[in-house]
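For the sequence shown, position 125 (counting from the first letter as 1) is numbered 128 according to my numbering, and the numbering increases by one without interruption. Heads up: the structure comes next, in structure tokens.
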Amino acid sequence: MSYKNFKVETGSDGVAVVIWDMPGKSMNLIDQSVMAEMDSIIDMVAGDDAIKGAVITSGKEAFSGGADLSMLQGSFADFQKMKASDPEGAATRLFEGVSQLQVIYRKLETCGKPFVAAINGVAMGGSTELALACHGRVLSDNPKTKLGLPEVKVGLFPGAGGTQRLPRLIHTQEALQMLLLGKSYDAAKAKKLGLVDEVVPVDQLVDTARKLIVDGLSAVKPWDEKGFKIPAGPVYSKAGAQLFPPANAIYRRETFDNYPGARAIMKCVYEGLLLPIDTALKVESRYFANVLQSTEAGMMIRTLFLSLQELNKGARRPAEIAPTSIKKVGILGGGGFMGAGIGYVTAKGGINVVLLDRDDEAAEKGRAHSAELEDKAISRGRSTPEKKEELLSLIETTADYSAISDCDLVIEAVFEDSGVKKTVTEEAAKHMKDDAIFASNTSTIPITSLAENFPRQTDFVGIHFFSPVDRMMLTEIIKGKKTGDQALATALDFVRQIKKTPIVVNDTRGFYINRMVLRYMSEAYNMLIEGVPAAMIENVAKMAGMPVGPLALNDETAIDLSHKILHQTIRDIGEKAVDMRHVELIDAMVEKHGRLGRKNGKGFYDYPAKPAKKYIWPGLKDLYPQLDADTISVQELKDRFHAVIALEAARCVEENVVTDMREADVGSILGFGFAPFTGGAISYIDGMGTSAFVTLCKNLQKKYGEQFKPNKELLEMAKTNQSFYARYETDDPTKRAA
Ligand code: NAD
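Here it is in structure tokens:
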């Protein structure tokens, strides 16, 4: 029999080698046709007396990326459609749909013939679960080979037996970590954990797997044998009692119970280990069907998987422009904080870099930064001395503009001063190639005005990086009024080459991300001024899903910078543009108490010498009369953080700053960690509905002020509870094309 997605070759030793190689795809994924064919291959192997067992391997560079998530979205969409007319039928169909893969894997596990997974390259999600269902696992020692269950990162959890087989195979604590953190492990770590039987060079992979079968590998899994013992001991045992209560506490500390997928993992493992495997698998499927219906899973799949992938593949790139390959990039101010970081990520993308600064010594600082980052990576086993040398060899340092004459792209990252920017832009323009693109990394100055310093304004664009550049995955590409498609396409191609995620926004003060960040920090100022204890502000922000509290974040970005921005705004637009209570707070912090932020060890926190940890500055509570924490609503504080940021995102949509909802959401999560379980700032609003959001905002506005005043477009949408995604799918296309 022949298959579309698999090739099966049975050797004279009676071992069938099943090669998974989906036509027309770069990566194997599990979809309906793969499931159907897997099912019939299992029947074929089980039913053919001449076959002793089967090896499953891949014909591609990687093993598999796991389940096709759009298929899951489809199941959920069908469920939603059917729910109104036949709720019970819809629930049954969803349950059957989501347990389909699990049922096939259980059939493989109990078919009476041994199966061995032979894995080279990445095996993620449902394909790692396939390996767990097999009777043996052999991995290649290729550094790219990885096993992982990342479902929790998109709001789900492994629902094809992963939560049951893993803690029956390895220690429950290790299993919980792998499941809850969505971590992936290389071959050595997988072997150490007991996840795999053998690790061998890739050319011995299939033969080793074959040999396991020829040597008589059992076709009965340990958990199907009588007297099976859970590796870490039963739930109700001394070991279990030592494991689950702290695991639950850690789970709460890390997630604040915001993620239904993570919660379900805890429940599946705990409840499942009390049951025989077949019943335990049913428990897993029930939770899976339940989680799949949650708003969080729906939003997270859309933003953190589908949209993210689309943006990374260049969804916003002008299609008519031929692909550009950037070979050399010049960085003006390359010895500075941002310039050095941009230099590093550019070289890491294999691109030649010229770091240009005021003098050689300043420029050399940029190269030293790359060396330092590589040394850190080497000490963590993530790089090698050879790779470091290779990377450094791509970086040239200079103060001489002639060195940028063959650069395809020049990025300016000098002081945030329009005069300095004008000087360096004009000087660079004299030396650049006629078709090279110029980009500015400014964080506050409008791109349209900076472009006036460059003779070809259509070739001028903003590429806004976030700090620390090597760790922040987002870049904001800013289109000035005259930015042309070639500049936009080149910026997007460059960002793709350095493996970051781009969002394309229109020119405005603060662009998109920083407008939300400023709202987050200024709402914390409001809370401080009201007398909310600082520790409560920080903790509630984390409970709301933010990775860093607003006061800690302000310490990182520097309080004297906030001071500078507030006073600059007063000079530019007047006192009405700022909240004078905020100015008083920041003036007191900087001018009276010398608290500049982390950089001088004194901010909203005190920073004692390591290893001591930072703690909130005790003097903070003396600035304002303190409220009793027990009288403050935690939910209301959480709502204030979410709403004030989401509302700013909605304003950016109305003002045409951000024009694509995917970018609005992905940007908010990757740019500063807006509560990932919501699916992003816009999905947060859509998740509750625009009507409910407007009601929430109006209530907060009455109590806390104008920062919660819903904008016009939102009020209009709320009348019919229209969602942003629905509105912008069909909206005026000229508005969507930033
Ligand atoms: P920085 O002071 O660390 O670096 C500026 C660099 O520019 C210095 O090395 C300086 O020597 C060099 N420079 C100044 N004048 C020059 C000249 N005439 N010719 C050549 N080099 C010159 O500043 P930074 O924090 O890296 O900021 C740089 C830019 O990046 C600013 O526009 C800033 O707004 C933007 N930005 C900063 C951050 C951040 O978190 N710091 C984030 C995003 C964007």
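Quick reminder that beta carbons are idealized off the backbone N, C-alpha and C, glycines included.
If you reduce the DSSP assignment to three classes, tell me which class residue i lands in.
{"i": "Pro736", "result": "Below a pLDDT of 50, predicted positions are generally treated as unreliable, and Pro736, at 40, falls in that range; the measurement from the model is reported next regardless. Reduced to three states, the DSSP call for Pro736 is helix."}
{"i": "Ser187", "result": "strand"}
{"i": "His467", "result": "strand"}
{"i": "Ile685", "result": "helix"}
{"i": "Arg383", "result": "coil"}
{"i": "Val819", "result": "Lying before the first or after the last residue shown, residue 819 is absent from the chain, which here runs from 4 to 741."}
{"i": "Ala741", "result": "Confidence is the limiting factor: at Ala741 the pLDDT is only 37, short of 50, which leaves the residue's position unreliable, though a coordinate-based value still follows. In this structure, Ala741 counts as coil in the three-state DSSP scheme."}
{"i": "Leu135", "result": "helix"}
{"i": "Lys722", "result": "helix"}
{"i": "Tyr347", "result": "helix"}
{"i": "Asn355", "result": "strand"}
{"i": "Gly483", "result": "coil"}
{"i": "Val660", "result": "coil"}
{"i": "Ala19", "result": "strand"}
{"i": "Arg140", "result": "strand"}
{"i": "Tyr618", "result": "strand"}
{"i": "Leu630", "result": "coil"}
{"i": "Ala120", "result": "strand"}
{"i": "Thr478", "result": "strand"}
{"i": "Ser5", "result": "coil"}
{"i": "Asp363", "result": "helix"}
{"i": "Phe457", "result": "coil"}
{"i": "Lys679", "result": "It should be noted that the sequence gives Pro, not Lys, for residue 679. Note: Pro679 maps to helix in three-state DSSP."}
{"i": "Tyr239", "result": "coil"}
{"i": "Tyr711", "result": "Looking at the sequence provided, one finds Phe at residue 711 rather than Tyr. Looking at Phe711 - three-state DSSP - the assignment turns out to be helix."}
{"i": "Leu717", "result": "helix"}
{"i": "Val426", "result": "The sequence given here has Thr at residue 426, not Val. Reduced to three states, the DSSP call for Thr426 is helix."}
{"i": "Asp473", "result": "coil"}
Looking at the secondary structure, which residues open and close the alpha helix (DSSP H) in which residue i lies?
{"i": "Asn444", "result": "No alpha helix (DSSP H) holds Asn444; DSSP gives it neither H nor E."}
{"i": "Asn315", "result": "311-315"}
{"i": "Arg320", "result": "Segment: none, Arg320 is in no alpha helix (DSSP H) and carries neither H nor E."}
{"i": "Leu491", "result": "488-500"}
{"i": "Thr451", "result": "450-454"}
{"i": "Gly3", "result": "Only positions 4 to 741 of the chain appear in this structure, which leaves residue 3 out of reach."}
{"i": "Ser694", "result": "693-707"}
{"i": "Phe675", "result": "664-675"}
{"i": "Glu419", "result": "Careful: Glu419 lies outside any alpha helix (DSSP H) and carries neither H nor E."}
{"i": "Glu526", "result": "516-533"}
I'd like the span of the beta strand (DSSP E) that includes residue i, first residue to last.
{"i": "Val507", "result": "504-509"}
{"i": "Ile414", "result": "412-415"}
{"i": "Glu651", "result": "Counting along the chain, Glu651 falls outside any beta strand (DSSP E), though it belongs to the alpha helix (DSSP H) covering 637-657."}
{"i": "Lys390", "result": "Looking at the DSSP string, Lys390 is not in any beta strand (DSSP E); the run it does join, the alpha helix (DSSP H), is 388-395."}
{"i": "Phe9", "result": "9-13"}
{"i": "Ile233", "result": "Element bounds for Ile233: n/a, residue is neither H nor E."}
{"i": "Ile407", "result": "Note, Ile407: premise wrong, no beta strand (DSSP E); not H, not E."}
{"i": "Glu399", "result": "398-401"}
{"i": "Gly151", "result": "149-151"}
{"i": "Lys331", "result": "331-335"}
Comparing the CB of residue i with every heavy atom of ligand 3, is any distance shorter than 7 Å?
{"i": "His467", "result": "This structure lacks ligand 3; the ligands present are ligand 1."}
Segment contact, 8 Å Cβ cut-off, at least three pairs: the region 65-74 with the region 26-41: Yes, the region 65-74 is in contact with the region 26-41.
Unbroken stretches of the alpha helix (DSSP H), 4 residues or longer, contained in the region 535-614: The DSSP assignment places complete alpha helix (DSSP H) segments of no fewer than 4 residues inside the region 535-614 at 537-546, 553-560, 562-576, 583-590, in order along the chain.
Ranges of the alpha helix (DSSP H) found wholly within the region 22-85, counting only runs of at least 4: With a minimum length of 4 residues, the continuous alpha helix (DSSP H) runs that stay inside the region 22-85 are 35-50.
At least three beta-carbon pairs within less than 8 Å, the region 140-154 to the region 178-198: For the pair of segments examined, the region 140-154 was found to touch the region 178-198: the number of CB pairs separated by less than 8 Å reaches three.
Runs of alpha helix (DSSP H) wholly within the region 241-303 (minimum 4 residues, chain order): DSSP runs (the alpha helix (DSSP H)) wholly in the region 241-303: 241-258, 263-275, 280-295, 298-303.
Validate contact between the region 628-643 and the region 600-615 using beta carbons, cut 8 Å, 3 pairs: Remark: fewer than three beta-carbon pairs, one from each stretch, lie closer than 8 Å, so the region 628-643 and the region 600-615 are not flagged as touching.
The region 689-698 contacting the region 706-722, beta-carbon criterion three pairs below 8 Å: Contact between the region 689-698 and the region 706-722 is present, because at least three Cβ pairs lie under 8 Å.
Touching by the beta-carbon criterion (3+ pairs, under 8 Å), the region 705-714 and the region 326-335: Too few Cβ pairs lie closer than 8 Å, so no.
Uninterrupted beta strand (DSSP E) stretches inside the region 166-227 (no shorter than 3 residues): Fully enclosed beta strand (DSSP E) runs of 3 or longer: 187-189, 201-203.
Cβ pair count under 8 Å reaching 3, the region 84-96 against the region 15-26: Because the criterion of three Cβ pairs below 8 Å is not met, the region 84-96 and the region 15-26 do not touch.
Meets three-Cβ-pair contact criterion under 8 Å: the region 485-495 and the region 512-525: Under the Cβ criterion (8 Å, minimum of three pairs), the region 485-495 does not count as touching the region 512-525.
Touch test, the region 563-570 against the region 675-692, Cβ-Cβ under 8 Å, three pairs minimum: Judged by pairs of C-beta atoms under 8 Å, the region 563-570 does not touch the region 675-692, as fewer than three such pairs exist.
At least 3 beta-carbon pairs within less than 8 Å: the region 288-299 vs the region 653-660: No, the region 288-299 is not in contact with the region 653-660.
Any 3 or more C-beta pairs closer than 8 Å across the region 103-120 and the region 210-225: Below 8 Å, enough C-beta pairs join the region 103-120 and the region 210-225 to call them touching: three or more.
The region 460-473 contacting the region 298-308, beta-carbon criterion three pairs below 8 Å: The answer is no - the region 298-308 does not touch the region 460-473, with fewer than three Cβ pairs under 8 Å.
Meets three-Cβ-pair contact criterion under 8 Å: the region 431-447 and the region 403-413: Counting Cβ pairs under 8 Å, three or more are found: they touch.
Cβ contact (3+ pairs, closer than 8 Å) linking the region 364-372 and the region 344-351: They touch, by the three-pair rule.
Cβ contact check for the region 100-111 and the region 156-166: 3 or more pairs under 8 Å: As far as the Cβ criterion goes, the region 100-111 touches the region 156-166, which means the pair count is three or higher.
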